[in-house]
Amino acid sequence: MKKLFSFVVLIALVLSLATCGGETGQGNGTDSAASGDHSLGTDSGTEQALSGFALGHSLYTKVIADMKAAVGDSIEANNEALEIADPDNYINNSAYLNVHYSPFSSYRLLLVADLGREKGIETVERAYALYGYKDISVSKTEKGYSLSYKLEKDGKAQSCTEEIFCKDNGSFTMLCHTDGAEAYFIDFCVIGEGEYALQNQTDRAIVKYENSTIVSVLHSETVNDYDYSSGKYHDYSLFYSYADSVQGRTDISAGWVTKAESQGKLRLLFDYTAERLSVTGQKAIFNWETDSYDYVPMPPVTIAINQ
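Residue numbers for the sequence shown follow my numbering, so the first one is 7 and each next one is one higher.
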């Protein structure tokens, strides 16, 4: 309950300075798409006055919210229609998608939401303290921001560092190490006018906009299953690493998103356009004997988008 209360307070704290002006000079990186309009019409053009991580975080938050609305709402509408048509057996319909679509959600990015804004470093330090971290240090660097803190897990203290590398056009990478080992990373990259690439350890996506509206989403998720008995992920899981960062690359295409498919490690692929949503991949069936999942190909599901 204490953690829940702290997280509620944290959200209020992080959002309290959301409309403040930006810090100057955060990150000196450049990008070929830096001169484009990346506001997405999110807040009366407020994003156009931001740069670096402040701009990137604002765009990232908007993009994943739009992804959830476009893809998630389509899945929910599809499932609701199947339930209405066959309330007793809809869940066994091959077109039913037992998926809770919540792409690229990260409480880590919520914690650092105010970096790049007025008093942002102070706000982030307080946010980490409210979440229970100790020995917190947040500072600006030549390429972005650096954070360090300690946390306790299973009675042991762990040392954590987070590096945020950002460019003026909003592209950023957040990289975390725990006790010196890479723990996770988050990529957000402006790859063209109204076009964005997103990545973390398990997901990749390319999102395209026209006139501030999503016109296409290609989003893949890898097979990744946690073994609670051992406290580790099963060895058949697939994870990307910081070495796979999208920043500075020119080969970001559909093949990059679907790379896990060639390795037999693609869990789900969401292919959305203004006319339809196609979902393909593998269905996970829990095997009680091996205490792990077996994966079998699932029938493709295509959902017409109501105009």
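Even glycine gets a Cβ: it sits at the ideal position worked out from N, Cα and C.
Quiz prompt | Through-space distance from His225 to Cys195, alpha-carbon basis | solution = Reading the sequence shown from its first residue, position 189 is the one you call residue 195. Reading the sequence shown from its first residue, position 219 is the one you call residue 225. Taking the straight line from one Cα to the other gives about 15 Å.
Quiz prompt | Residues that DSSP places opposite Gln205 in a beta bridge | solution = Here residue 205 refers to the residue found at position 199 of the sequence shown. Asp193, Arg210, per the DSSP bridge assignment.
Quiz item: Mind checking whether Val77 and Tyr278 have CB atoms under 7 Å apart?
Solution: Position 71 of the sequence shown holds residue 77. Position 272 of the sequence shown holds residue 278. Yes, Cβ-Cβ distance for Val77 and Tyr278 is below 7 Å.
Quiz item: Where do the N-terminal and C-terminal ends of the beta strand (DSSP E) with Thr279 fall, by residue?
Solution: Along the sequence shown, read from residue 1 onward, the residue named residue 279 stands at position 273. Here the beta strand (DSSP E) through Thr279 covers 272-279.
Quiz item: Between Ala163 and the rest of its own chain, which residues show a CB-CB distance below 6 Å, the 5 nearest in sequence each way excluded?
Solution: On the sequence shown, residue 163 is found 157 positions in, with the first residue counted as 1. So the list reads Lys156, once near-sequence residues are dropped.
Quiz prompt | Alpha carbon of Ala189 to alpha carbon of Ile142, nearest angstrom | solution = In the sequence shown, the residue the question calls residue 189 occupies position 183. In the sequence shown, the residue the question calls residue 142 occupies position 136. Near 18 Å, if we compare the C-alpha coordinates of Ile142 and Ala189.
Self-check item: Residues near Tyr151 by beta carbon distance below 6 Å, same chain, minus five either side
Solution: For this step, residue 151 is matched to residue 145 along the sequence shown. The residues are Leu121, Ile170.
Quiz item: Can we count Arg210 as close to the ligand SAH, meaning its CB is less than 6 Å from some heavy atom?
Solution: The model on display carries no ligand, and the ligand SAH is accordingly not part of it.
Practice problem: Could you check what DSSP says for Ser218 in three-state terms: helix, strand or coil? | Solution: Residue mapping note: residue 218 aligns to position 212 of the sequence shown, counting from 1. Residue state, collapsed to three classes: coil.
Self-check item: Candidates Ala280, Gly254, Asn84: closest to His106 by CA position
Solution: The sequence position of residue 106 within the sequence shown is 100, counting from 1. With distances taken between Cα atoms, His106 lies closest to Asn84.
Quiz item: Do the segment 226-240 and the segment 122-133 touch if we need at least three Cβ pairs shorter than 8 Å?
Solution: No contact exists between the segment 226-240 and the segment 122-133.
Practice problem: Rounded to whole angstroms, what's the CA-CA distance from Arg255 to Lys214? Just pull it up for me. | Solution: Within the sequence shown, the letter at position 249 stands for residue 255. Within the sequence shown, the letter at position 208 stands for residue 214. If I take the Cα positions, the gap works out to 18 Å.
Self-check item: C-beta contact flag for Asp233 and Gly58 at 7 Å
Solution: Position 227 of the sequence shown, counted from the first residue, corresponds to residue 233. Position 52 of the sequence shown, counted from the first residue, corresponds to residue 58. The answer is no: Cβ separation not under 7 Å.
Quiz prompt | Whole-angstrom C-beta distance between Ile192 and Ser112, which should lie under 8 Å | solution = Within the sequence shown, the letter at position 106 stands for residue 112. Within the sequence shown, the letter at position 186 stands for residue 192. In this structure, Ser112 and Ile192 form a Cβ contact; the two beta carbons are roughly 6 Å apart against a cut-off of 8 Å.
Quiz item: Is Val285 near Val263, with beta carbons less than 7 Å apart?
Solution: Position 279 of the sequence shown, counted from the first residue, corresponds to residue 285. Position 257 of the sequence shown, counted from the first residue, corresponds to residue 263. No, the Cβ-Cβ distance between Val285 and Val263 is not below 7 Å.
Quiz item: How about Ala244 and Ala211: do their beta carbons lie closer than 7 Å?
Solution: What you label residue 244 is simply residue 238 of the sequence shown in a count that begins at 1. What you label residue 211 is simply residue 205 of the sequence shown in a count that begins at 1. Checking the sequence, you will find Leu at residue 244 rather than Ala. Not in contact: Leu244 and Ala211 (Cβ atoms no closer than 7 Å).
Quiz item: Are there 16 or more other CB atoms within 10 angstroms of the CB of Asp209, so buried, or fewer, so exposed?
Solution: Position 203 of the sequence shown, counted from the start, is the residue given in the question as residue 209. Buried, because 16 or more other Cβ atoms sit within 10 Å of the Cβ of Asp209.
Quiz item: Just reading off the alpha helix (DSSP H) that Arg114 is part of, what are its end residues?
Solution: Here residue 114 corresponds to residue number 108 of the sequence shown, with the count starting at 1. Here the alpha helix (DSSP H) through Arg114 covers 113-117.
Self-check item: Residue span of the beta strand (DSSP E) that contains Thr67, given as start and end
Solution: Position 61 of the sequence shown holds residue 67. Looking at the DSSP string, Thr67 is not in any beta strand (DSSP E); the run it does join, the alpha helix (DSSP H), is 58-73.
Quiz prompt | Supposed close pair Gly62, Ser177 - CB separation, criterion 8 Å | solution = Within the sequence shown, residue 62 is the residue found at index 56, counting from 1. Within the sequence shown, residue 177 is the residue found at index 171, counting from 1. Indeed they touch by this definition, with Cβ atoms about 6 Å apart.
Practice problem: State the beta-bridge partners of Ala310 as determined by DSSP. | Solution: Numbered from 1 along the sequence shown, position 304 holds the residue referred to as residue 310. According to DSSP, which records beta bridges pairwise, Ala310 is partnered with Arg282.
Exercise. In the DSSP assignment, find the unbroken alpha helix (DSSP H) run with Glu89 in it and report its ends.
Key: Working through the sequence shown from its first residue, we reach residue 89 at position 83. Counted as a single uninterrupted DSSP element, the alpha helix (DSSP H) harbouring Glu89 occupies residues 79-91.
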